[in-house]
Amino acid sequence: MSITTYLGLMINAMLVCTPPLLLAALGSCFSERSGVINIGIEGMMTIGAFVGAVVAYYTGNGWLGFLCGGLSGAAFGVLHAVLCITYNADQTIAGTAINFIGPGLAVFLCKAMFDNSSDSPSLDPASKLPKMFEGAFPAGSFGYNVISTYSAAYLSFVLVILIWFIFFKTRFGMKLRAAGEHPEACETLGINVRRVRYICVITSGFLAGLGGAFVTLSTVSQFRPSVIVGQGFIAIAAVIFGKFNPQGALVGCLIFGFCNGLKSLIGQNNVVSPNIISMIPYIVTILALVLFVGKSRVPAANGKPFIKSK
Amino acid sequence: MNKKSRSILESNALYTLIAIVIGFLVGAILLLMIGDNPGVVYSTLLDGVFGKPKFIVYSIIYACPLILTGLSVAFSFKTGVFNIGAEGQFVVGSLAACVVGIFVDVPAPIHILLCLLAATGAGVIWGGIVGFLKIKKGINEVLSYIMFNWIAFYLSNYVVNLEAVHRTGGGEATKDILDSAHMSVPLWITALTKCTDSNWGILIAIGAAVLVWFIMEKTTLGFQLRAVGYSKTAAEYAGISSNRIFMISMMISGALAGLGGATQVMGMGGRISQFAAQEQYGFQGITVALIGASNPVGCIFAGLFYGAMKYGGNKLTIINVPSEVINIIMGTIIVFIAISHVFKALLTRGKGGNN
């Protein structure tokens, strides 16, 4: 194989591995920056993965599945918001509950719908997310691997720019960052902290749901109980790594995506144990933090319920 | 309102009980929705736990590692650290116990002690690295815990596949640990329980709970740990080095989870299989700590409850009911524990007891 083919394969693996993490990480940014810890990203991704696969299976429309996956995540976002914002529940505890209910409900419903099978039927290519410019490049070429891939993957990268813009260039972004730093001061300025946080937490569920749905609607082509396992937590880690900024989270997610790409290449010859290669992204993340990035400052009001003064 | 009924309304146990009842109600509604009879399902669950002495023993065996990871998380909570890394500490603990169990050939009591020590040590190191990164490099512990969970995961799979460790027969697993490393009970107990997996791991879990209670409530260290948990700045003002306390807390927390891994290998499995996915002992420990209100004795009961649900839940597949209903019930219980203060306010205000 030529060097461009290798490179093409690697970028392809990266383009497929990064979006689920990235979408979930962007969701996590929304929630954490507004002052609500969302450890339930994992559960929201899993329910999104399930709903996405099922809707696409019955309707044959990948985009509709993708959207519904996001909406199911948003529904859990509503639950998290009600618990944490309206009832001032401990945010870590509420998130832990979602991590039990989300995956539990997904597998429970899957078994109920598909004759006690924990896997949903596999999707035919037409009901998955579509690829761009199909047929424009010969199979196996650089262009085929890099450009003829899922448009939703590219969409997730565009979202980083959009969300960066929302966070740092709009009034709403200012409000949401302020709500995460000093909610009391916000309230005196007439900002409705609870409303801002509601919007952010529900958005975070929506994005995490999209991330989950991307997995089942692209590479895996069906729902399985093991389809998400751990990716939500890695997304949270990427956000902390990226200092709670969308552009920083992108770097964190790319480390994982890049290492996964590397894995699919090195994995072809059996010189190094695949288990050792699989450790690389985690070790790299820690090393990068120790050597280059340094301390990540958590938004000041993160995790603290905001109780309106009378 | 008299004092007694008020103290009941203010105790956490009441609200945990309410949460458990609501959890089962929500489970029942879901079961009805998919066309199953909750009565049949719950009686199968009950029978699966209490039907035979053997079932009760199995529930206790299932509870043992959960009590220990629960204690691990509860211990960290007391100091204001969220040990989401109990999963990884559990894995390295079971790995260390397994390796020592296979390769060190010494008489039983010493062998068991060595395995337990190795597992505890592995847990201490795994938690300690994260502690070191937190206090020396300022790295958020939640992030490093998550990373080290996965490093432990792949490390375990790597070791399982080493030629010297891998079993020669079928199955992707390690060799069996030597008999001298098994925490087996005398034969007459096995005859009594009719459960070949009977082991005394639960004694370790209870012993650990007592030790945690003692450290927390009766020692200066425990006072310092709790002080940092309440307010880091106030504790520092009083001359307590919060960094030192974080380090100690994270190491002890790791030790408890590592010990949990040891009881799993030396009590039940006797070997480690290759993981396909995280086994969730650490995450289930978070639930145990929450249901047990981070109290050592509470963790014992919460662990027994979870162990029974897990073991009894397996039986649901026999009657073609998705056993995941257990996860949904547990999740719902946590939801209502998280908002128990709302119920408390409602009940105590309703009775006019707030004076």
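Chains S and L are the protein sequences, given in the same order.
Residue numbers for the first sequence follow our numbering, so the first one is 7 and each next one is one higher.
Residue numbers for the second sequence follow our numbering, so the first one is 719 and each next one is one higher.
Cβ atoms here follow ideal geometry from the backbone N, Cα and C, with glycine treated the same way.
In the structure shown, K912 of chain L falls within a coil segment according to DSSP collapsed to helix, strand and coil. When Cβ-Cβ separations below 8 Å define contact, P26 of chain S makes no contact with chain L. Beta-bridge analysis with DSSP links T892 of chain L to L:H884. Under the three-state reduction of DSSP, N755 of chain L is assigned to coil, being neither helix nor strand. Below 8 Å, enough C-beta pairs join the region 897-914 of chain L and the region 769-780 of chain L to call them touching: three or more. Taking the Cα of K1033 of chain L as reference, the smallest distance to any Cα among L:S761, L:V739, L:M751, L:L749 is reached at L:S761. Against T1005 of chain L, the close residues of chain S are T102, A103, F106, in the order they occur along the chain (beta-carbon pairs closer than 9 Å). The beta carbon of I857 of chain L sits closer than 6 Å to those of L851, all from its chain and outside the five residues before and after it, given in chain order. At the C-beta level, A980 of chain L and A815 of chain L come within 8 Å of one another. For the region 745-771 of chain L, the set of positions with a beta-carbon nearer than 9 Å to some beta-carbon of chain S reads L748, M751, I752, G753, D754 in chain order. Within the same chain, S812, L813, C816, S874, V878, A891, T892, V983 come within 7 Å of I990 of chain L by CB-CB distance, once the 5 residues on both sides are set aside. Here T222 of chain S is actually not in contact with G33 of chain S; their C-beta atoms are around 17 Å apart, not less than 8 Å. Y780 of chain L has a beta carbon lying at 8 Å or more from every beta carbon in chain S. Secondary-structure assignment with DSSP links Y156 of chain S through a beta bridge to S:K137. In terms of CA proximity to I847 of chain L, L:V810 leads the group L:V810, L:A882, L:F821.
Note on R203 of chain S: 16 or more other CB atoms within 10 angstroms of its CB, so buried under the neighbour-count rule.
For S902 of chain L, DSSP records a beta bridge to L:N917.
Annotated three-state conformation of S224 of chain S is coil, per DSSP. Judged by DSSP in its simplified three-state form, S991 of chain L adopts strand. Membership of E38 of chain S in the alpha helix (DSSP H) is indicated by the continuous run 9-39. A contact is defined here as three or more CB-CB pairs under 8 Å, and the region 778-793 of chain L fails this definition with respect to the region 948-958 of chain L.
Leaving aside the five residues that flank C192 of chain S on each side, the residues in its chain whose CB is nearer than 6 Å to its CB run, in chain order, A184, A185, V199. With a threshold of 8 Å between beta carbons, M934 of chain L makes no contact with chain S. Taking 8 Å as the cut-off, the Cβ atoms of F1023 of chain L and I1009 of chain L count as close. The region 146-166 of chain S and the region 97-106 of chain S do not touch, with fewer than 3 CB-CB distances between them shorter than 8 Å. The straight-line gap separating the alpha-carbon atoms of I283 of chain S and D754 of chain L is approximately 45 Å. In the structure shown, K269 of chain S falls within a helical segment according to DSSP collapsed to helix, strand and coil. Taken in chain order, the members of the region 850-874 of chain L whose beta-carbon sits within less than 8 Å of a beta-carbon on chain S are L851, K855, G856, I857, N858, V860, L861, S862, I864, M865, F866, N867, W868, I869, Y872, L873.
Relative to the Cα of T10 of chain S, the nearest Cα in the group S:N251, S:N151, S:P252 belongs to S:N151. For G889 of chain L, the number of other beta carbons within 10 angstroms of its own is below 16, and it is reported as exposed.
With 16 or more other Cβ atoms inside 10 Å of its own Cβ, A103 of chain S counts as buried. A distance below 8 Å between beta-carbons, with the five flanking residues on each side excluded, links V1043 of chain L to the following residues of its chain, in chain order: G745, L748, L749, V759, G1031, L1034. Nearest Cα to F964 of chain L within the set L:L939, L:G985, L:V822: L:L939. The region 263-272 of chain S makes no contact with the region 142-162 of chain S: fewer than 3 CB pairs, one atom from each, lie closer than 8 Å. Around I1051 of chain L, the same chain offers A737, I738, G741 as residues with beta carbons nearer than 6 Å, after the five sequence neighbours per side are excluded.
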